[in-house]
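In the working numbering, the protein residues as written are 79 to 715.
This report concerns only the one structure given below.
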């Protein structure tokens, strides 16, 4: 009776659970979705509890066990050898969703399905789409009713300085971190404004001198030439947007008199030294307001100050260093020993209004002004990945798919034909037999430029050995020179190689072009031909220069300035003796300059070339206007 009571209790529990189910089976541990779409809150059935209950009764009721020979009764299923009430019908299907039911149908979220198995339990939920992390893809990935809401959130661009702070934006390719600010001009603010990993670097450390202040003159290269005791300072950031000039020595209010206090000096930086010292009427002394090392160099020369009223007057006749400009070609304006070293001269430049190679040029002096001297358009376009004729199109005259001289790429020459951008021997190519695009049929081979059967292509129609050739694929070839059969049938040379004596070698001055020519010692091998070196080709086929090209006799060369090069003074190979300098193409002793004529001269003492070539000191009697050249300056005697 006791076991019967337990069975009755289990049957009552099963009946209550069946009533609660209302005809809908729910899988263990899976949230089912009723047919009307409303969530089944708190409604879960644990079939396993029934199985445990049944198992507990098995010890006293052996008739509840099951196997293939003893199946369970109708409405039951066999689970691990025991009959338990069946939770669902085999192959029964129900909707399911493992997320919040409110998310079903929002964004990408979709419910799936689960199927009842042979054990009476629902299987895994298949086909459901659950919420995921939001991405930039035009979808509501996290199923919250919003699309791509990550746009606008802060991010790190990975760029330096002020450009590191960014904001996420959504594009077709996904999320990208765009900087909040673009690189800007560097300011004195302790920040990396131009995003180059440097802070205030463009504004500090430069030589400077206050504007509209006497004493120093700025040169074109940023340096300064100062008079007297005045000296430039250094740009320094002190918390302002613009740097301050710190450390500059400015003119004193008065020159004062430093006699007896050491070397005389120009404290007020006006070019006159100790003009406040007492002197005898008519007394004169040399004066110079520039750096001592520049006096007598180039046009710079000392002046004279005369005593008037017991005080030395202004420095008259002195020529001080000035900024080097194109307005004075042939003159060393800044008196540094180099003529026309105009800042920027010779540097690369670009002319925005021009196109192609005509947009690039070099800074040069023209009509007294520094300009960007650009190249003129070439008469014909060359295949070199550049717009040589400056018409806005690059290599438009060349078809790289068919040009044997530029097959697939500029300069890639073919020994035979060029088909579809590849070097092709139409004598043997089954896709291009006899001509590009002429393909052989199935079962045919290409031999001698004709599509034939394999048996027809087995041999050559003529006796190749009679003239020293070899039969390769039914065609007589010279394996000594054939780049597709170099040294033997089917041995093809690589791009840029030629077949010389049956060996593939690079096309160079020793094996130049298809003829395998040997170039003369000074010649180069360019485009398969031996060419002489010159300003257009110096040292290499594309090494042009605007100066003189001096070759080394071994296919090498260098661009030189024969006016100043001590190893090529006045001409290639003219080597000056040790210690000499090359002045205007003539070897001179150190400290001398060639101004024409038969010999070099000292500009510090030569009355006909005092300080610079062609400047003559005044003739006359001593004491009556005659001048002598003293340290490059014409001084009265």
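All C-beta atoms in this analysis are idealised placements derived from N, C-alpha and C, irrespective of residue type, glycine included.
- Nearest C-alpha to residue 507 among 480, 527, 435: 527.
- Residue 239 places its beta carbon less than 8 Å from that of residue 275.
- Apart from sequence neighbours up to five positions away, the residues of its chain that approach residue 686 with a beta-carbon distance below 6 Å are 694, ordered along the chain.
- Of the residues assessed, residue 430 falls on the exposed side of the cut-off, its CB having fewer than 16 other CB atoms within 10 angstroms.
- Residue 351 counts as buried, since no fewer than 16 other beta carbons sit within 10 angstroms of its beta carbon.
- Judged by DSSP in its simplified three-state form, residue 608 adopts strand.
- Taking one beta carbon from each stretch, the region 431-441 and the region 468-480 have 3 or more pairs nearer than 8 Å; the two touch.
- Taking a contact to require three or more Cβ pairs closer than 8 Å, the region 273-293 and the region 393-413 do not qualify as touching.
- Annotated three-state conformation of residue 370 is helix, per DSSP.
- Inclusion of residue 234 and residue 244 in the CB contact set at 8 Å is warranted, their separation being smaller than that value.
- In this structure, DSSP gives residue 706 an extended state, which the three-state scheme calls strand.
- Residue range 438-444 is occupied by the beta strand (DSSP E) that includes residue 444.
- Within its own chain, the residues whose Cβ lies closer than 6 Å to the Cβ of residue 551, once the five positions on either side in sequence are excluded, are 506, 525, listed in chain order.
- Here the region 196-207 lies against the region 151-167, with 3 or more beta-carbon pairs under 8 Å apart.
- The C-alpha of residue 363 lies about 22 Å from the C-alpha of residue 329.
- Secondary structure of residue 322 (DSSP, three-state): strand.
- Per the coordinates, the alpha-carbon of residue 422 lies some 15 Å from the alpha-carbon of residue 296.
- With contacts defined as CB atoms closer than 8 Å, residue 367 and residue 395 fail to qualify as a contacting pair.
- For residue 420, there is no enclosing beta strand (DSSP E), since its DSSP letter is neither H nor E.
- The beta carbon of residue 611 is closer than 8 Å to those of 600, 601, 602, 617, 627, 629, 635 in its chain, skipping five residues each way along the sequence.
- Proximity of the region 203-221 to the region 172-184 meets the contact definition, three or more beta-carbon pairs being nearer than 8 Å.
- Here DSSP, grouped into helix, strand and coil, assigns residue 239 to helix.
- The beta strand (DSSP E) runs of length 3 or more contained entirely in the region 246-308 are, from start to end of the chain, 252-257, 294-296, 302-304.
- In this structure, residue 439 lies near residue 427, with their beta-carbon atoms less than 8 Å apart.
- About 5 Å separates the Cβ atoms of residue 480 and residue 496, confirming a contact at the 8 Å cut-off.
- Separation of residue 619 and residue 561 (C-alpha to C-alpha, rounded to the nearest whole angstrom) is 23 Å.
- Following the DSSP letters along the chain, one finds residue 190 inside the beta strand (DSSP E) bounded by residues 190-193.
- Sixteen is the threshold: when 16 or more other Cβ atoms of the shown chains lie within 10 Å of the Cβ of residue 380, as they do, the residue is buried.
- Put simply, the backbone Cα of residue 187 is about 10 Å away from that of residue 217.
- Apart from the 5 residues on each side of it in sequence, residue 374 sits with its Cβ closer than 6 Å to the Cβ of 682, 689, 709, 710, 711 in its chain, given in chain order.
- In the DSSP assignment, residue 244 forms a beta bridge with 233, 257.
- The Cβ atoms of residue 583 and residue 575 lie closer than 8 Å to each other.
- By the criterion of a C-beta distance shorter than 6 Å, residue 485 is surrounded in its chain by 492, 496, 501, once the five residues flanking it on both sides are discounted.
- Among the bridge pairs identified by DSSP, residue 327 is matched with 309.
- The beta carbon of residue 258 lies closer than 8 Å to those of 243, 244, 245 in the same chain, with the five residues before and after it left out.
- In the displayed model, residue 545 falls within a helix according to three-state DSSP.
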